(Lines of atoms letter the chains of each structure in order from A and count residues from 1; the text may use other names and numbers.)
(Lines give C-alpha, C1' and ligand atoms only; values in the text may rest on other atoms or scores of the structure.)
Protein backbone atom coordinates (compact mmCIF):
# COMPACT_ATOMS: atom_id res chain seq x y z
CA UNK A 1 0.00 0.00 0.00
CA UNK A 2 1.47 3.36 -1.03
CA UNK A 3 0.61 6.64 0.63
CA UNK A 4 0.64 9.86 -1.34
CA UNK A 5 0.27 13.25 0.28
CA UNK A 6 -0.63 16.25 -1.82
CA UNK A 7 -0.62 19.86 -0.76
CA UNK A 8 -3.75 21.81 -1.70
CA UNK A 9 -4.31 25.54 -1.41
CA UNK A 10 -7.48 27.57 -1.69
CA UNK A 11 -6.19 30.18 -4.16
CA UNK A 12 -8.68 29.26 -6.86
CA UNK A 13 -11.67 27.96 -4.93
CA UNK A 14 -15.09 28.63 -6.38
CA UNK A 15 -16.18 30.65 -3.35
CA UNK A 16 -14.20 33.82 -2.54
CA UNK A 17 -13.31 35.21 0.83
CA UNK A 18 -11.33 32.33 2.32
CA UNK A 19 -7.87 32.93 3.67
CA UNK A 20 -5.08 31.28 1.69
CA UNK A 21 -3.63 28.29 3.48
CA UNK A 22 -2.29 24.83 2.81
CA UNK A 23 -4.00 21.59 3.73
CA UNK A 24 -3.03 17.98 3.40
CA UNK A 25 -5.23 15.36 1.81
CA UNK A 26 -4.20 11.76 2.30
CA UNK A 27 -4.77 9.13 -0.35
CA UNK A 28 -3.72 5.53 0.11
CA UNK A 29 -3.32 3.93 -3.28
CA UNK A 30 -3.95 0.23 -3.69
CA UNK A 31 -3.16 -1.94 -6.70
CA UNK A 32 -4.70 -0.88 -9.99
CA UNK A 33 -7.67 -2.80 -11.38
CA UNK A 34 -7.78 -3.10 -15.15
CA UNK A 35 -11.26 -2.71 -16.57
CA UNK A 36 -12.28 -3.95 -19.99
CA UNK A 37 -15.95 -3.27 -20.62
CA UNK A 38 -15.95 -5.49 -23.70
CA UNK A 39 -14.67 -8.52 -21.84
CA UNK A 40 -17.73 -9.22 -19.70
CA UNK A 41 -20.30 -11.82 -20.68
CA UNK A 42 -23.79 -11.56 -19.23
CA UNK A 43 -25.59 -14.30 -17.37
CA UNK A 44 -26.86 -15.29 -13.95
CA UNK A 45 -24.04 -15.44 -11.43
CA UNK A 46 -23.90 -17.36 -8.15
CA UNK A 47 -20.64 -15.54 -7.35
CA UNK A 48 -18.91 -12.66 -9.09
CA UNK A 49 -15.44 -11.24 -8.65
CA UNK A 50 -14.97 -7.54 -7.96
CA UNK A 51 -13.21 -7.00 -11.28
CA UNK A 52 -16.19 -8.43 -13.14
CA UNK A 53 -18.55 -6.10 -11.28
CA UNK A 54 -16.31 -3.17 -12.22
CA UNK A 55 -16.43 -4.16 -15.89
CA UNK A 56 -20.19 -4.50 -15.90
CA UNK A 57 -20.71 -1.24 -14.03
CA UNK A 58 -18.55 0.63 -16.53
CA UNK A 59 -20.41 -0.96 -19.43
CA UNK A 60 -23.72 0.25 -17.98
CA UNK A 61 -22.47 3.80 -17.45
CA UNK A 62 -22.02 3.71 -13.69
CA UNK A 63 -19.06 5.89 -12.69
CA UNK A 64 -18.16 3.99 -9.52
CA UNK A 65 -19.51 0.74 -8.10
CA UNK A 66 -18.66 -1.63 -5.28
CA UNK A 67 -20.14 -4.46 -3.25
CA UNK A 68 -20.46 -5.31 0.43
CA UNK A 69 -22.28 -8.01 2.41
CA UNK A 70 -25.92 -7.26 3.17
CA UNK A 71 -25.56 -6.83 6.92
CA UNK A 72 -26.82 -4.36 9.49
CA UNK A 73 -25.30 -0.88 9.73
CA UNK A 74 -25.13 -0.98 13.52
CA UNK A 75 -22.78 1.98 14.02
CA UNK A 76 -24.73 4.14 11.57
CA UNK A 77 -27.95 3.31 13.38
CA UNK A 78 -26.39 4.40 16.68
CA UNK A 79 -25.19 7.66 15.11
CA UNK A 80 -28.65 8.40 13.72
CA UNK A 81 -30.35 7.79 17.05
CA UNK A 82 -27.78 9.89 18.91
CA UNK A 83 -27.98 12.84 16.51
CA UNK A 84 -31.75 12.64 16.43
CA UNK A 85 -31.81 12.87 20.22
CA UNK A 86 -29.50 15.90 20.04
CA UNK A 87 -31.91 17.62 17.64
CA UNK A 88 -29.35 17.84 14.83
CA UNK A 89 -31.83 16.68 12.18
CA UNK A 90 -34.36 19.42 12.94
CA UNK A 91 -37.64 18.11 11.51
CA UNK A 92 -36.05 16.16 8.66
CA UNK A 93 -37.26 12.60 8.27
CA UNK A 94 -35.88 10.80 5.23
CA UNK A 95 -33.62 7.87 6.24
CA UNK A 96 -33.37 9.24 9.78
CA UNK A 97 -37.04 8.67 10.58
CA UNK A 98 -36.83 4.88 10.84
CA UNK A 99 -33.22 3.71 11.29
CA UNK A 100 -34.56 0.30 12.26
CA UNK A 101 -35.42 0.02 8.55
CA UNK A 102 -32.89 2.20 6.75
CA UNK A 103 -29.88 0.62 8.50
CA UNK A 104 -30.89 -2.97 7.80
CA UNK A 105 -30.39 -3.87 4.13
CA UNK A 106 -30.50 -7.55 5.06
CA UNK A 107 -34.22 -7.08 5.78
CA UNK A 108 -35.07 -5.27 2.54
CA UNK A 109 -35.08 -8.41 0.38
CA UNK A 110 -35.70 -12.05 1.21
CA UNK A 111 -32.41 -13.88 0.97
CA UNK A 112 -30.38 -10.67 0.60
CA UNK A 113 -26.67 -11.44 0.37
CA UNK A 114 -25.07 -8.36 -1.18
CA UNK A 115 -25.52 -4.61 -1.42
CA UNK A 116 -24.12 -3.05 -4.57
CA UNK A 117 -23.46 0.67 -4.24
CA UNK A 118 -23.18 2.82 -7.35
CA UNK A 119 -22.32 6.45 -7.94
CA UNK A 120 -23.11 8.63 -10.93
CA UNK A 121 -21.29 11.93 -11.41
CA UNK A 122 -23.63 14.85 -12.09
CA UNK A 123 -21.02 17.61 -12.39
CA UNK A 124 -21.35 19.93 -15.37
CA UNK A 125 -19.90 23.36 -15.91
CA UNK A 126 -22.04 26.48 -16.11
CA UNK A 127 -21.67 30.24 -16.15
CA UNK A 128 -22.44 32.30 -13.08
CA UNK A 129 -26.12 33.32 -12.81
CA UNK A 130 -26.81 36.64 -14.55
CA UNK A 131 -28.63 39.43 -12.66
CA UNK A 132 -32.18 38.47 -11.78
CA UNK A 133 -31.40 34.75 -11.72
CA UNK A 134 -31.26 32.39 -8.76
CA UNK A 135 -28.69 29.65 -8.28
CA UNK A 136 -29.58 25.96 -8.03
CA UNK A 137 -27.21 23.34 -6.58
CA UNK A 138 -25.64 21.10 -9.20
CA UNK A 139 -27.47 17.93 -8.22
CA UNK A 140 -30.80 19.56 -9.11
CA UNK A 141 -29.89 20.78 -12.60
CA UNK A 142 -31.37 17.58 -13.98
CA UNK A 143 -32.76 14.37 -12.50
CA UNK A 144 -29.57 12.33 -12.17
CA UNK A 145 -31.37 10.00 -9.78
CA UNK A 146 -33.69 8.85 -12.57
CA UNK A 147 -30.70 7.99 -14.76
CA UNK A 148 -29.01 6.11 -11.92
CA UNK A 149 -32.20 4.21 -11.12
CA UNK A 150 -32.49 2.93 -14.69
CA UNK A 151 -28.86 1.81 -14.79
CA UNK A 152 -29.07 0.03 -11.45
CA UNK A 153 -32.20 -1.76 -12.62
CA UNK A 154 -30.31 -2.96 -15.68
CA UNK A 155 -27.45 -4.07 -13.44
CA UNK A 156 -29.89 -6.11 -11.38
CA UNK A 157 -31.25 -7.79 -14.50
CA UNK A 158 -27.75 -8.58 -15.73
CA UNK A 159 -26.69 -10.06 -12.41
CA UNK A 160 -29.74 -12.32 -12.29
CA UNK A 161 -31.47 -13.46 -9.13
CA UNK A 162 -33.84 -11.38 -7.04
CA UNK A 163 -32.98 -7.74 -6.43
CA UNK A 164 -34.31 -4.44 -5.22
CA UNK A 165 -33.22 -0.99 -6.39
CA UNK A 166 -33.11 1.83 -3.85
CA UNK A 167 -32.34 5.32 -5.15
CA UNK A 168 -33.14 8.48 -3.18
CA UNK A 169 -35.51 6.53 -0.94
CA UNK A 170 -36.05 6.69 2.80
CA UNK A 171 -35.71 2.94 3.31
CA UNK A 172 -31.93 2.81 2.99
CA UNK A 173 -28.82 4.81 3.97
CA UNK A 174 -27.03 4.85 0.62
CA UNK A 175 -23.94 6.64 1.95
CA UNK A 176 -23.18 3.82 4.38
CA UNK A 177 -23.44 1.21 1.63
CA UNK A 178 -21.11 3.34 -0.50
CA UNK A 179 -18.56 3.65 2.32
CA UNK A 180 -18.62 -0.08 3.06
CA UNK A 181 -18.25 -1.05 -0.58
CA UNK A 182 -15.31 1.21 -1.39
CA UNK A 183 -17.22 3.68 -3.54
CA UNK A 184 -16.08 6.53 -1.31
CA UNK A 185 -15.50 7.76 2.22
CA UNK A 186 -17.29 10.11 4.59
CA UNK A 187 -15.93 13.65 4.40
CA UNK A 188 -15.87 16.21 7.18
CA UNK A 189 -18.75 17.88 5.33
CA UNK A 190 -20.72 14.60 5.80
CA UNK A 191 -20.75 14.03 2.04
CA UNK A 192 -19.67 10.73 0.48
CA UNK A 193 -16.44 11.50 -1.38
CA UNK A 194 -15.24 9.35 -4.27
CA UNK A 195 -11.63 9.26 -5.42
CA UNK A 196 -12.29 10.27 -9.02
CA UNK A 197 -15.33 12.55 -8.83
CA UNK A 198 -15.18 13.87 -5.29
CA UNK A 199 -18.64 14.37 -3.82
CA UNK A 200 -20.23 15.43 -7.13
CA UNK A 201 -22.17 12.15 -7.31
CA UNK A 202 -25.62 10.79 -6.62
CA UNK A 203 -25.76 7.42 -4.91
CA UNK A 204 -27.99 4.40 -5.23
CA UNK A 205 -28.05 0.85 -3.96
CA UNK A 206 -28.96 -2.54 -5.36
CA UNK A 207 -29.83 -5.22 -2.79
CA UNK A 208 -29.50 -8.66 -4.36
CA UNK A 209 -29.54 -12.33 -3.40
CA UNK A 210 -26.56 -12.87 -5.70
CA UNK A 211 -23.25 -13.29 -3.89
CA UNK A 212 -20.62 -10.81 -5.03
CA UNK A 213 -17.03 -10.49 -3.89
CA UNK A 214 -16.80 -7.56 -1.43
CA UNK A 215 -14.91 -4.48 -2.55
CA UNK A 216 -12.46 -3.16 0.06
CA UNK A 217 -13.28 0.23 1.61
CA UNK A 218 -11.56 3.23 0.05
CA UNK A 219 -8.40 3.95 2.04
CA UNK A 220 -8.52 7.74 1.92
CA UNK A 221 -9.70 10.61 4.09
CA UNK A 222 -9.79 14.39 4.54
CA UNK A 223 -6.46 14.54 6.34
CA UNK A 224 -5.92 17.88 8.07
CA UNK A 225 -8.23 19.78 5.72
CA UNK A 226 -10.96 21.88 7.33
CA UNK A 227 -11.90 24.09 4.37
CA UNK A 228 -15.56 23.03 4.38
CA UNK A 229 -15.86 23.77 8.09
CA UNK A 230 -14.34 27.22 7.64
CA UNK A 231 -16.36 28.00 4.51
CA UNK A 232 -19.79 27.21 5.96
CA UNK A 233 -21.20 30.68 6.73
CA UNK A 234 -23.54 29.46 9.46
CA UNK A 235 -21.32 27.01 11.34
CA UNK A 236 -23.40 23.97 10.42
CA UNK A 237 -20.23 21.82 10.20
CA UNK A 238 -18.45 22.99 13.35
CA UNK A 239 -18.34 19.38 14.55
CA UNK A 240 -16.34 17.60 11.79
CA UNK A 241 -18.36 14.90 10.07
CA UNK A 242 -21.59 15.98 11.75
CA UNK A 243 -24.18 18.27 10.19
CA UNK A 244 -26.34 20.50 12.37
CA UNK A 245 -29.36 20.86 10.09
CA UNK A 246 -30.75 23.69 12.20
CA UNK A 247 -27.83 25.83 10.98
CA UNK A 248 -27.64 24.52 7.40
CA UNK A 249 -28.65 26.83 4.54
CA UNK A 250 -29.72 23.90 2.39
CA UNK A 251 -32.08 22.69 5.11
CA UNK A 252 -33.71 26.10 5.48
CA UNK A 253 -34.46 26.34 1.75
CA UNK A 254 -36.45 23.11 2.18
CA UNK A 255 -38.03 23.77 5.56
CA UNK A 256 -41.75 24.42 6.00
CA UNK A 257 -41.27 27.57 8.07
CA UNK A 258 -39.74 31.04 7.78
CA UNK A 259 -36.04 31.21 7.01
CA UNK A 260 -34.30 32.72 10.06
CA UNK A 261 -33.43 36.35 9.42
CA UNK A 262 -29.81 35.78 10.37
CA UNK A 263 -29.40 33.29 7.52
CA UNK A 264 -31.17 35.16 4.72
CA UNK A 265 -28.25 37.31 3.60
CA UNK A 266 -25.96 34.26 3.68
CA UNK A 267 -28.16 32.57 1.07
CA UNK A 268 -27.19 35.19 -1.51
CA UNK A 269 -28.64 34.13 -4.86
CA UNK A 270 -29.25 30.51 -3.82
CA UNK A 271 -32.91 29.61 -4.23
CA UNK A 272 -32.61 25.97 -3.25
CA UNK A 273 -29.94 23.94 -1.52
CA UNK A 274 -26.31 24.96 -1.10
CA UNK A 275 -23.02 23.78 -2.63
CA UNK A 276 -20.56 25.81 -0.53
CA UNK A 277 -19.06 22.87 1.38
CA UNK A 278 -18.58 21.00 -1.90
CA UNK A 279 -17.25 23.96 -3.87
CA UNK A 280 -14.31 24.35 -1.48
CA UNK A 281 -13.44 20.65 -1.12
CA UNK A 282 -9.97 19.75 -2.53
CA UNK A 283 -11.25 16.29 -3.48
CA UNK A 284 -13.61 18.03 -5.91
CA UNK A 285 -10.73 19.62 -7.79
CA UNK A 286 -9.99 18.27 -11.24
CA UNK A 287 -13.47 16.98 -12.03
CA UNK A 288 -13.85 19.81 -14.53
CA UNK A 289 -10.96 18.32 -16.53
CA UNK A 290 -12.31 14.78 -16.39
CA UNK A 291 -15.75 16.02 -17.46
CA UNK A 292 -14.50 18.52 -20.04
CA UNK A 293 -16.52 18.48 -23.23
CA UNK A 294 -19.49 16.67 -21.71
CA UNK A 295 -22.59 18.68 -22.51
CA UNK A 296 -25.27 18.87 -19.80
CA UNK A 297 -28.41 16.84 -20.49
CA UNK A 298 -31.16 18.56 -22.41
CA UNK A 299 -33.17 20.77 -20.10
CA UNK A 300 -30.45 21.05 -17.44
CA UNK A 301 -31.12 24.16 -15.39
CA UNK A 302 -28.21 25.69 -13.42
CA UNK A 303 -30.10 28.87 -12.61
CA UNK A 304 -33.67 30.12 -12.73
CA UNK A 305 -35.53 33.37 -13.26
CA UNK A 306 -36.59 34.91 -9.96
CA UNK A 307 -39.43 36.75 -11.68
CA UNK A 308 -40.64 33.48 -13.18
CA UNK A 309 -40.67 31.79 -9.77
CA UNK A 310 -42.70 34.69 -8.41
CA UNK A 311 -45.15 35.03 -11.30
CA UNK A 312 -45.72 31.48 -12.59
CA UNK A 313 -48.89 29.71 -11.50
CA UNK A 314 -48.75 27.25 -8.61
CA UNK A 315 -49.53 24.31 -10.88
CA UNK A 316 -46.87 25.29 -13.40
CA UNK A 317 -44.19 25.82 -10.77
CA UNK A 318 -44.98 22.56 -8.99
CA UNK A 319 -44.95 20.58 -12.24
CA UNK A 320 -41.68 22.03 -13.53
CA UNK A 321 -39.81 21.40 -10.28
CA UNK A 322 -41.28 18.11 -9.17
CA UNK A 323 -37.71 16.75 -9.01
CA UNK A 324 -37.08 18.96 -5.97
CA UNK A 325 -38.11 18.13 -2.43
CA UNK A 326 -40.62 20.82 -1.46
CA UNK A 327 -42.64 20.54 1.75
CA UNK A 328 -46.09 19.18 0.94
CA UNK A 329 -45.27 19.89 -2.73
CA UNK A 330 -46.35 23.47 -2.04
CA UNK A 331 -44.66 25.94 -4.43
CA UNK A 332 -45.05 28.80 -1.94
CA UNK A 333 -41.78 27.61 -0.39
CA UNK A 334 -40.02 28.09 -3.71
CA UNK A 335 -41.50 31.60 -3.89
CA UNK A 336 -40.28 32.27 -0.34
CA UNK A 337 -36.74 31.35 -1.44
CA UNK A 338 -37.03 33.50 -4.57
CA UNK A 339 -38.04 36.50 -2.46
CA UNK A 340 -34.92 36.11 -0.31
CA UNK A 341 -32.71 35.85 -3.41
CA UNK A 342 -34.45 38.89 -4.90
CA UNK A 343 -33.74 40.88 -1.76
CA UNK A 344 -30.08 39.89 -1.92
CA UNK A 345 -29.81 40.69 -5.63
CA UNK A 346 -30.58 44.38 -5.32
CA UNK A 347 -32.55 44.30 -8.55
CA UNK A 348 -36.05 45.44 -9.46
CA UNK A 349 -38.22 45.25 -6.31
CA UNK A 350 -41.56 45.27 -8.13
CA UNK A 351 -42.03 41.45 -8.23
CA UNK A 352 -41.95 41.39 -4.41
CA UNK A 353 -44.58 44.08 -3.82
CA UNK A 354 -47.70 41.96 -4.49
CA UNK A 355 -46.49 39.47 -1.88
CA UNK A 356 -45.79 42.22 0.66
CA UNK A 357 -49.42 43.27 0.25
CA UNK A 358 -50.81 39.73 0.10
CA UNK A 359 -52.58 37.62 2.70
CA UNK A 360 -50.02 34.79 2.95
CA UNK A 361 -48.09 35.49 6.20
CA UNK A 362 -45.04 33.48 5.16
CA UNK A 363 -44.62 35.21 1.81
CA UNK A 364 -45.56 38.61 3.18
CA UNK A 365 -42.83 38.41 5.81
CA UNK A 366 -40.13 37.45 3.29
CA UNK A 367 -41.32 40.03 0.76
CA UNK A 368 -41.19 42.79 3.36
CA UNK A 369 -37.68 41.68 4.31
CA UNK A 370 -36.59 41.67 0.65
CA UNK A 371 -38.00 45.14 0.02
CA UNK A 372 -36.37 46.49 3.15
CA UNK A 373 -33.02 45.02 2.19
CA UNK A 374 -33.19 46.50 -1.31
CA UNK A 375 -34.15 49.91 0.04
CA UNK A 376 -31.20 49.89 2.44
CA UNK A 377 -28.68 48.49 -0.04
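In my numbering, the protein residues as written are 2 to 378. Think of the CB as a built atom: it goes at the ideal place given N, C-alpha and C, for glycine as much as any other residue. Keep in mind that this is a model prediction, so the values were computed, not measured.
Taking contact to mean 3 or more Cβ pairs, one atom from each stretch, closer than 8 Å, check whether the segment 107-120 and the segment 288-297 are in contact. no
Practice problem: Note down the Cα distance separating residue 370 from residue 340, rounded to an integer number of angstroms. | Solution: In the chain shown, residue 370 corresponds to position 369, counting from 1. In the chain shown, residue 340 corresponds to position 339, counting from 1. Computed Cα separation, rounded: 9 Å.
Using the rule of at least 16 other Cβ atoms within 10 Å of the residue's Cβ for burial, across every protein chain shown, is residue 26 buried or exposed? Within the chain shown, the letter at position 25 stands for residue 26. Note that residue 26 has pLDDT 41, beneath the 50 cutoff, so the model's placement of it is unreliable and the number below is only indicative. Label assigned to residue 26: buried.
| When the Cβ atoms of the segment 124-139 are set against those of the segment 92-110, are three or more pairs found closer than 8 Å? | no
Throw me the rounded Cβ distance for the residue 345 and residue 268 pair, which I believe falls under 8 Å.
Position 344 of the chain shown holds residue 345. Position 267 of the chain shown holds residue 268. Confirmed, Cβ separation roughly 7 Å.
Practice task
Output the distance between the C-alpha atoms of residue 199 and residue 293, rounded to the nearest integer angstrom.
Solution key: Stepping through the chain shown from its first residue, residue 199 is reached at position 198. Stepping through the chain shown from its first residue, residue 293 is reached at position 292. One C-alpha to the other measures close to 15 Å.
### Task
Tell me residue 70's beta-bridge partners as DSSP assigns them.
Within the chain shown, numbered from 1, the residue matching residue 70 stands at position 69. Looking at the DSSP assignment, residue 70 forms a beta bridge with 115.
Practice task
Please name the residue in 207, 189, 235 and 195 whose C-alpha comes closest to that of residue 169.
Solution key: Sequence index remark: in the chain shown, residue 169 carries index 168 (1-based). That would be 207, whose Cα lies nearest to the Cα of residue 169.
>> According to DSSP, residue 250 sits in a beta bridge with which residue or residues?
In response: Along the chain shown, one-based indexing puts residue 250 at 249. The partner list for residue 250 (beta bridge, DSSP) is empty, contrary to what the question assumes.
Quiz item: What does DSSP give as the partner residues of residue 199 in its beta bridges?
Solution: Residue 199 sits at position 198 when you count from the first residue of the chain shown. In the DSSP output, where bridge partners are listed per residue, residue 199 has 195.
Exercise for the section: Please classify residue 372: does DSSP put it in a helix, a strand, or coil? Expected result: Counting from one through the chain shown, the residue named residue 372 turns up at place 371. If DSSP states are grouped into helix, strand and coil, residue 372 belongs with the helices.
Taking DSSP as the reference, what is the three-state secondary structure of residue 182? As a first step, residue 182 is located in the chain shown; it is residue number 181 there, counting from the start. The answer is coil: DSSP assigns residue 182 none of H, G, I, E or B.
Beta-carbon separation (whole angstroms), residue 336 vs residue 311, contact threshold 8 Å: Counting from 1 along the chain shown, the entry for residue 336 is found at position 335. Counting from 1 along the chain shown, the entry for residue 311 is found at position 310. Confirmed, about 6 Å.
*First and last residue of the uninterrupted alpha helix (DSSP H) at residue 344*: The residue you call residue 344 lines up with position 343 of the chain shown. For residue 344, the uninterrupted alpha helix (DSSP H) segment begins and ends at 333-346.
Could you give the uninterrupted runs of the alpha helix (DSSP H) lying entirely in the segment 286-319, keeping only those of 4 residues or more?
288-291 and 307-312
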